[in-house]
Structures are given as structure tokens and as C-alpha cells.
């Protein structure tokens with residue numbers, strides 16, 4: 031091997047003498063000429079040059095590039111598919127670093143630094159750059175997943191960002207590793223030797239072309255094949271080959287389905303019917319069920335009003351239950367149509383999903399595709415026999431089911447209630463609220479007063495079980511002029527109510543409290559006070575008793591004088607009081623309050 035560092039230090043004569051020793055004159059002249067040509071070559075760092083392999087060992091190949099000294103190339107820069115290097119072969123290498131005047135470059139063997147693999151990459155890069163440009167479509171193989179995207183080999187390694195892999199970013203872009211893909215060149219950075227590509231832009235461009243073509247071809251009523259691309263709660267998006275159409279859940283099947291996944295799955299190929307096209311907004315409505323016969327055709331013939339059928343409960347809502355009569359045919363049983371007698375708070379009290387029940391067709395709406403169904407109509411209406419079972423005047427047993435301000439509802443049997451009004455609870459006692467006399471769950475006997483079959487109402491009475499005391503007992507017991515004892519129960523601005531016996535009161539008017547004018551009744555009496563009063567009048571028609579305190583000690587002469595004075599003043603009536611306030615009352619008769627003998 032010629033030591034060119036030594037030759038470089040010799041003058042011309044020394045070089046000639048040295049070559050003469052090493053080889054015959056002709057070969058020495060050839061070597062000298064070759065050496066002089068190489069000495070005249072101008073090499074630069076970063077340049078790719080041809081080199082000749084002059085030596086190969088277990089670690090490296092020594093390559094002569096015609097410089098002052100050779101360089102080494104590690105054997106691992108020859109790929110597994112390449113034949114191993116041999117002495118005498120020519121190879122292209124990149125000059126990475128050169129020796130300078132101070133000595134050899136940073137090479138493990140004190141020679142220039144060379145790289146075969148880098149030279150090949152640069153050559154391939156320059157070749158690719160000469161063949162492609164931004165916007166061009168390229169084909170390559172996905173090598174591996176890197177930060178932010180994928181590395182793709184198109185002859186050189188290029189970057190495919192994760193956001194540019196597909197229109198909708200896949201769950202795992204690593205699934206593309208090993209796949210051959212086509213993509214559009216987005217950007218070329220020659221300085222950094224970097225290329226960014228996009229598969230998404232290519233797909234979008236292709237879809238836009240397909241969409242424009244497809245929109246021209248599409249017509250309402252056509253049946254098209256498509257691929258399910260996405261599924262939502264309200265339906266599925268189907269790719270018709272460039273444009274997506276919406277297959278709504280209500281257009282998937284004639285019968286009720288809970289979720290689109292019951293009918294379709296992602297990437298499934300299906301046939302759909304075009305229902306509507308909005309060419310301006312490029313929106314397409316699709317249908318799956320419309321490919322089959324509409325079960326609602328001739329619905330009135332199959333399910334005439336008043337016909338009975340069996341069905342399956344498929345959904346229960348607060349307002350009723352949906353019942354399937356056949357696939358695609360459902361009807362609603364409203365909560366009010368479930369029972370003649372039961373008070374249904376929620377349909378689930380009577381039916382559950384999956385139950386088979388009997389229903390009657392109440393109404394048919396072919397255009398709205400709705401059926402109105404009834405459950406109770408398949409059973410006998412107990413109100414049809416109410417008049418027979420509960421005739422007027424009959425005494426019946428019942429239980430207090432509910433109390434209101436105006437009365438109590440008495441349950442006579444399941445679903446059959448009667449109203450016991452407060453005015454029909456007592457002959458003598460004024461009832462402010464039913465709870466004063468009754469309580470929920472209490473069992474009692476009532477009398478049927480009336481039955482309104484059309485309005486499904488029964489009027490009941492409690493006081494009617496006894497004779498009306500105003501017809502005899504009270505007038506007989508309380509005679510005008512009679513002294514009776516009672517208790518003050520209530521004081522008003524117009525007088526005082528006196529309790530004479532349980533449920534019976536009389537009115538002691540403010541003018542009958544004392545001989546003098548009384549401004550406030552509480553100046554004379556107090557609530558709860560026991561007093562003796564005189565009966566002035568008993569009015570059986572108005573069911574009122576008038577009382578007096580000031581006349582308790584009057585004699586016959588005083589009574590006669592008072593009667594004459596009252597008669598002279600205009601009929602002898604005591605000052606009137608609103609009937610509603612009177613409870614016991616004064617009556618409205620004319621003449622003396624207490625009869626006197628002439």
C-alpha cells in the first residue's frame with residue numbers, strides 16, 4: 031500500500047526514486063500519473079464521491095477516494111440483502127469529515143470519515159425530489175408509528191401526521207403499519223430533507239369528486255348500496271360512495287327498536303332507499319324499512335274499530351303502554367283506558383314489558399300510523415250494573431278512602447266510590463271539614479241518595495239513616511218561652527252561638543244579650559261559659575233556634591209589652607242576620623217571638 035503521507039513530504043526526485051524501487055519503470059510512471067491526477071482533485075466535506083475498496087476486514091472496509099489518505103466504512107452499512115464488500119469494487123460514499131493540516135480527521139483509524147449509507151440516502155432523496163412535487167400523489171409503505179403520526183417509506187422516509195391519516199381519526203393509527211397507502215404531498219422541506227404527506231386530503235379530494243358525481247346520479251326512490259361509517263343514538267351514517275346519508279332510527283324498521291346497533295354495525299354493507307335529497311345542503315335521508323312492504327297498508331281492514339286482538343307490551347310510559355300487534359304495528363293503551371274501576375297512577379301497576387294482553391281497537395289513524403287501544407273495553411263494565419246493585423234508598427257498607435273540603439269519598443267496592451257530602455253528614459251539626467266526623471280507613475254505613483250512571487257518580491248520605499229531628503223532636507223539645515241551659519260555643523260581631531245539645535245550636539242575637547245596647551258580646555259572655563237562655567222561636571223550615579238572655583227574668587207583662595212594641599214597629603221580627611252565619615238562626619217568621627195570651 032502506497033503511503034501517500036510520505037510521498038507528499040518528498041520532492042519530485044525523491045518520489046521518482048521511491049517509485050523506481052517499488053515497481054518497474056512503466057508501472058511506476060502509471061502510478062505517478064494516477065497520483066498526480068488525484069492530487070489535483072478538489073474534495074469537499076459533505077460531498078459524495080466514488081471510492082475503491084482496497085481492504086476488507088471483520089469490522090470495516092478501507093475505501094480509497096483519491097485523497098491523501100483512505101477512509102473506513104463500517105461493514106454494517108451494507109444491508110442484509112446486499113452482497114458483502116470486496117476488494118476492487120467501486121462504492122459511492124459521503125465525505126463526512128476530512129483531515130486538516132494538523133493531522134488526520136476524527137476517524138478511529140486516523141483517516142477521513144466516510145459513510146456509504148448516508149450517501150445512498152442523499153442520492154435517493156435527490157432522486158425523489160427530482161420526481162415529486164407538492165400536491166402530487168405518492169405511494170408508500172407505513173413503516174412504524176412515531177410521535178405525532180406515522181413514518182412512511184416512499185423511497186425515502188416521509189411523515190404522515192396522525193390527523194392526516196383519515197377523515198375521521200382512527201382509534202389506533204398503529205393499525206396502518208405494514209399497509210401500502212396513497213397520500214398527497216403537503217410540504218417539501220429541501221433544507222431539512224423532510225416531506226409531509228396527507229392521506230386525508232387525498233380521500234377528501236376523491237370524495238369531493240365522487241360526491242359531485244353521485245349528487246348528479248342520485249334520485250329519490252333509488253335503492254343504493256352503502257357502507258355504515260358511524261352509528262349514533264339517533265341513527266347511522268351510510269357512505270354511498272363519496273357522500274354520507276343519514277339512516278334515522280325510525281326509518282330502520284317498521285317495528286320499534288331501542289338502538290341502531292340492533293339493525294346495523296360499523297363497516298357493514300347494506301342496501302338503503304333514498305327518501306329525500308337536499309342538493310343545496312348536500313344532505314340525504316335514507317330508509318331501510320321502506321324497502322319492505324308497509325304493514326300499515328289496509329290497516330283499517332286488518333284491525334277494524336271494536337275488534338279484539340292479542341298483543342305484546344313493548345314499552346311503558348307514564349301516560350300509557352305501547353302494545354305490538356304484529357311486527358311494525360303498535361298501538362297505545364292510554365292510562366285512562368286500562369281499567370273501569372282501578373285508580374291507576376302508573377301503567378306499570380297493571381302491565382310490564384313483555385306481557386301478552388287482550389286489547390280492543392278504539393281508533394285507527396292510517397295517515398298518522400297510530401292505533402288507539404283499550405284494555406278495559408275487553409272486560410265487563412261494572413258501572414253497567416251499578417244501578418242494580420246500588421239503587422236509591424239502599425243502605426250500603428263502605429270505607430272512607432279520601433277526605434276533601436267538601437266531603438268524603440266512600441269506597442263501596444274496588445273502583446266504585448260514592449260521595450258523602452258534608453251537608454249530608456249531620457241533621458243538626460254544622461260540619462266545617464269531614465275530618466271532624468270521619469277518618470281515612472273508617473268503615474261506615476251510608477244510604478244511597480242518587481246514582482248518575484252517565485257521569486259515574488253515586489251520592490251518599492249519613493244523616494239520612496236517622497229521622498230528621500227538625501220534623502218533630504226539636505220543635506217538641508224546644509218551645510218558645512222555655513228556659514234552657516247551654517254553653518257559649520262561638521262569639522261573633524252579631525251575636526253568640528249557644529250549644530244546646532250535641533250538634534244543635536241556637537243564636538243569641540247581640541240585641542238579646544242585655545237591656546242596654548251591647549257593642550261587644552264578650553262584655554257579657556265568654557266562650558265556654560254555661561248560661562241559661564229563653565227560647566224565642568223555633569224555625570223548622572230554616573232549621574234555626576232564636577234565643578234571648580235579657581228576657582230570662584221577664585214576666586208575662588214584660589213579654590206582652592215587648593210583643594206589642596215589636597208589632598207596632600213593623601212585624602216584630604228580630605234584626606236579620608246572614609243565613610250562612612246563623613248555624614242555629616232566628617228564623618224569618620212574623621209576629622211575636624213568644625206567643626202571649628190576650
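Numbering (our numbering), first residue to last: 31 to 628. Just so it is clear, CB atoms sit at the ideal spot from N, CA and C, and this is done for glycine as well. As the structure is a computational prediction, the values presented were derived from the model and not from experiment.
For this session: Have a look at 468, 388 and 445 and flag the residue whose alpha-carbon is nearest the alpha-carbon of residue 456.
Result: In the chain shown, counting from the first residue as 1, residue 456 sits at position 426. Of 468, 388 and 445, the residue nearest in Cα terms is 468.
For this session: Would you mind stating whether residue 175 and residue 201 have Cβ atoms separated by less than 7 Å?
Result: If you number the chain shown from 1, residue 175 lands on position 145. If you number the chain shown from 1, residue 201 lands on position 171. Contact flag unset, no.
Exercise. Say the cut is 6 Å; is the CB of residue 188 nearer than that to a heavy atom of the ligand ATP?
Worked result: In the structure on display, the ligand ATP does not appear, and there are no ligands present to speak of.
For this session: Would you decide whether residue 264 is buried or exposed? Buried here means 16 or more other CB atoms lie within 10 Å of its CB.
Result: For this step, residue 264 is matched to residue 234 along the chain shown. Result: exposed.
Problem set entry | Best match in 276, 261 and 402 for proximity to residue 296 [C-alpha to C-alpha] | For the purposes of this step, residue 296 is identified with residue 266 of the chain shown, where counting begins at 1. Measuring from the Cα of residue 296, the nearest candidate turns out to be 261.
Problem set entry | Contact under 7 Å by Cβ, residue 365 with residue 357 | Sequence index remark: in the chain shown, residue 365 carries index 335 (1-based). Sequence index remark: in the chain shown, residue 357 carries index 327 (1-based). Cβ distance not < 7 Å, so residue 365 and residue 357 don't count as in contact.
Problem set entry | Buried versus exposed call for residue 268 [16 or more other C-beta atoms within 10 Å across all chains shown] | In the chain shown, the residue the question calls residue 268 occupies position 238. So residue 268 counts as buried.
Exercise. Does the region 337–345 come within contact of the region 383–395, defined as at least 3 CB pairs closer than 8 Å?
Worked result: yes
Exercise. Would you call residue 350 buried or exposed, if buried means 16 or more other Cβ atoms sit within 10 Å of its Cβ?
Worked result: Position 320 of the chain shown holds residue 350. Buried: at least 16 other Cβ atoms inside 10 Å.
Exercise. In or out: residue 112 buried (at least 16 other Cβ within 10 Å) or exposed?
Worked result: Taking the first residue of the chain shown as 1, we reach residue 112 at position 82. Exposed is the call here.
For this session: Taking 7 Å as the cut-off, decide whether the C-beta atoms of residue 194 and residue 230 are in contact.
Result: Stepping through the chain shown from its first residue, residue 194 is reached at position 164. Stepping through the chain shown from its first residue, residue 230 is reached at position 200. A contact, by the Cβ cut-off of 7 Å.
For this session: Give me whichever residues DSSP pairs with residue 519 in a beta bridge.
Result: Residue mapping note: residue 519 aligns to position 489 of the chain shown, counting from 1. In the DSSP output, where bridge partners are listed per residue, residue 519 has none listed.
Problem set entry | Enclosing beta strand (DSSP E) for residue 191 [first to last residue] | The residue you call residue 191 lines up with position 161 of the chain shown. Looking at the DSSP string, the run of the beta strand (DSSP E) that includes residue 191 is 187–191.
For this session: Indicate the three-state DSSP secondary structure (helix, strand or coil) for residue 106 in the structure shown.
Result: As a position in the chain shown, residue 106 is number 76, starting the count at 1. If DSSP states are grouped into helix, strand and coil, residue 106 belongs with the helices.
Exercise. Do residue 226 and residue 301 come within 7 Å of each other at the CB atom, strictly closer than that value?
Worked result: Here residue 301 corresponds to residue number 271 of the chain shown, with the count starting at 1. Here residue 226 corresponds to residue number 196 of the chain shown, with the count starting at 1. No, the pair does not count as a contact, with Cβ atoms beyond the cut-off.
For this session: Can you say whether residue 235 is buried or exposed, counting buried as having 16 or more other CB atoms within 10 angstroms of its CB?
Result: Here the question's residue 235 lines up with position 205 in the chain shown. Exposed: under 16 other Cβ atoms inside 10 Å.
For this session: Pick out whichever of 187, 515 and 531 has its Cα sitting closest to the Cα of residue 224.
Result: Along the chain shown, read from residue 1 onward, the residue named residue 224 stands at position 194. Here the closest residue by C-alpha is 187.
Problem set entry | Residue of 499, 496, 449 and 509 minimising C-alpha distance to residue 481 | Locating residue 481 in the chain shown gives position 451, counting from the first residue. Here the closest residue by C-alpha is 449.
Exercise. How about the region 457–467 and the region 434–448: do they share at least three Cβ pairs that are nearer than 8 Å?
Worked result: yes
For this session: Any chance you could list the alpha helix (DSSP H) runs of at least 4 consecutive residues sitting entirely within the region 276–344, in chain order?
Result: 329–332
Exercise. What is the C-beta distance between residue 647 and residue 107, in whole angstroms, given that I count them as a contact (C-beta under 8 Å)?
Worked result: Any answer about residue 647 is impossible in this case: the structure gives the chain only from 31 up to 628.
Exercise. Contact between the region 405–420 and the region 470–488: three or more CB pairs below 8 Å?
Worked result: yes
For this session: Please list, in chain order, all residues of the same chain as residue 629 whose beta carbon is under 8 Å from its beta carbon, the five residues on each side excluded.
Result: Nothing about residue 629 can be read from this structure; the chain reaches only from 31 to 628.
For this session: List in chain order: all unbroken beta strand (DSSP E) runs of 3+ residues lying wholly within the region 153–235.
Result: 167–176, 179–183, 187–191, 210–219 and 224–228
Problem set entry | Start and end residues, alpha helix (DSSP H) containing residue 379 | To locate residue 379, count along the chain shown from 1; it is residue 349. Note, residue 379: premise wrong, no alpha helix (DSSP H); not H, not E.
Exercise. Who does residue 413 pair with in a DSSP beta bridge?
Worked result: Stepping through the chain shown from its first residue, residue 413 is reached at position 383. Looking at the DSSP assignment, residue 413 forms no beta bridge with any residue, so it has no partner.
Exercise. Straight-line CA distance for residue 206 to residue 290?
Worked result: Here residue 206 corresponds to residue number 176 of the chain shown, with the count starting at 1. Here residue 290 corresponds to residue number 260 of the chain shown, with the count starting at 1. Straight-line Cα distance between these residues: approximately 28 Å.
Exercise. Would a C-beta distance cut-off of 7 Å place residue 521 and residue 563 closer than the cut-off?
Worked result: For the purposes of this step, residue 521 is taken as the residue at position 491 of the chain shown. For the purposes of this step, residue 563 is taken as the residue at position 533 of the chain shown. For residue 521 and residue 563, no; Cβs fall outside 7 Å.
Exercise. With respect to the alpha helix (DSSP H) encompassing residue 554, which residues constitute its N-terminal and C-terminal limits?
Worked result: In the chain shown, counting from the first residue as 1, residue 554 sits at position 524. Unbroken run through residue 554: none, as it is neither H nor E.
Exercise. Which value, in whole angstroms, describes the spacing of the CA atoms of residue 177 and residue 220?
Worked result: Here the question's residue 177 lines up with position 147 in the chain shown. Here the question's residue 220 lines up with position 190 in the chain shown. When rounded, the distance between both Cα atoms is 22 Å.
For this session: Give the DSSP-derived three-state secondary structure of residue 360 in the structure shown.
Result: Residue mapping note: residue 360 aligns to position 330 of the chain shown, counting from 1. Three-state result, residue 360: strand.
For this session: Report the option in 405, 233 and 184 whose CA atom is closest to the CA atom of residue 210.
Result: Reading the chain shown from its first residue, position 180 is the one you call residue 210. The option with the nearest alpha carbon to residue 210 is 184.
Problem set entry | Of the listed residues 84, 403 and 532, nearest to residue 390 (C-alpha basis) | Taking the first residue of the chain shown as position 1, residue 390 is located at position 360. For residue 390, the nearest C-alpha among the options comes from 403.
Exercise. Would a C-beta distance cut-off of 7 Å place residue 86 and residue 115 closer than the cut-off?
Worked result: Translated into the one-based positions of the chain shown, residue 86 becomes position 56. Translated into the one-based positions of the chain shown, residue 115 becomes position 85. Their beta carbons are under 7 Å apart, which means residue 86 touches residue 115 by this criterion.
For this session: Kindly indicate which three-state DSSP category residue 26 falls into: helix, strand or coil?
Result: The requested residue 26 is not part of the displayed model; the chain covers only 31 to 628.
For this session: Check the DSSP bridge columns for residue 400 and list the partner residues they point to.
Result: Here residue 400 is taken as the residue at index 370 of the chain shown, counted from 1. In DSSP, residue 400 forms a bridge with 395.
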